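The numbering of the sequence shown is this note's numbering, which starts it at 5 and goes up by one. Contents: one structure, followed by commentary.
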Amino acid sequence: MSDPSAPGKTAAVVAYITIVGCLIAITMNIEEKNEYARFHIRQAFGIHVLFHALAILMTYAGYAYLAIPVYLFYFAIWIFGFLQALNDKLKPLPIVGKYFQKWFTFIS
5 MSDPSAPGKT
15 AAVVAYITIV
25 GCLIAITMNI
35 EEKNEYARFH
45 IRQAFGIHVL
55 FHALAILMTY
65 AGYAYLAIPV
75 YLFYFAIWIF
85 GFLQALNDKL
95 KPLPIVGKYF
105 QKWFTFIS
């Protein structure tokens, strides 16, 4: 990949800014099909979906005391992914990143 900073970096960074930013980034990358943006959109989408799924699960299961560790994990992987996007890197998130690339192949 020659210069990931060009059009793909903007979409990659926007993807990490809430789930709405992720949806905006998906639409930004529809025509360009930038591989760098696609990688980070999948990572960010996975982070947001995982966080919301765990939050809903903990709420309905009555495990509210697990909220702090979940928030810390979410924040840590979010920071990792966001910094990877800012620094033009394609390193998957720890633990879950490889799965996000497999599961969210519909994001192209």
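No residue lacks a Cβ here, since even glycine has one placed at the ideal position from N, Cα and C. All figures in this text were calculated on a predicted structure; none of them were measured in a lab.
Note to self: Give the list of continuous alpha helix (DSSP H) stretches no shorter than 4 residues that lie fully inside the region 65-111.
What the structure shows: Fully enclosed alpha helix (DSSP H) runs of 4 or longer: 71-90 and 101-107.
>> Taking the straight line between their C-alpha atoms, what separation do you get for N38 and I23?
In response: As the crow flies, the alpha-carbon of N38 is around 20 Å from that of I23.
Subject >> Distance between L61 and V18 (C-alpha atoms, nearest Å) >> reply: When only Cα atoms are considered, V18 and L61 end up about 27 Å apart.
Practice prompt. Assess, as a yes-or-no matter, whether the region 44-59 is touched by the region 95-105 under the definition of 3 or more beta carbon pairs within less than 8 Å.
Written response: Touching, per the Cβ criterion.
TODO: Please report how far the alpha carbon of G66 lies from the alpha carbon of A89, in whole angstroms.
DONE: C-alpha separation (whole angstroms): 35 Å.
Between the beta-carbon of A41 and the beta-carbon of G85, is there less than 8 Å? Not in contact: A41 and G85 (Cβ atoms no closer than 8 Å).
Looking at the secondary structure, which residues open and close the alpha helix (DSSP H) in which I30 lies? First-last of the alpha helix (DSSP H) with I30: T22 to M32.
- Query: Just how far apart, CA to CA, sit R46 and A80?
  - Reply: Each residue's alpha carbon lies about 17 Å from the other.
Pull up the distance between the alpha-carbon of M5 and that of A57, whole angstroms please. Only weak support exists for where M5 lies, its pLDDT of 46 falling under 50; the value from the coordinates is given anyway. Approximately 34 Å between the Cα atoms of the pair.
- Query: What three-state label does DSSP hand K37 in the structure shown?
  - Reply: Judged by DSSP in its simplified three-state form, K37 adopts coil rather than helix or strand.
Exercise. So, A16 versus H44, is the Cβ gap smaller than 8 Å?
Worked result: A contact, by the Cβ cut-off of 8 Å.
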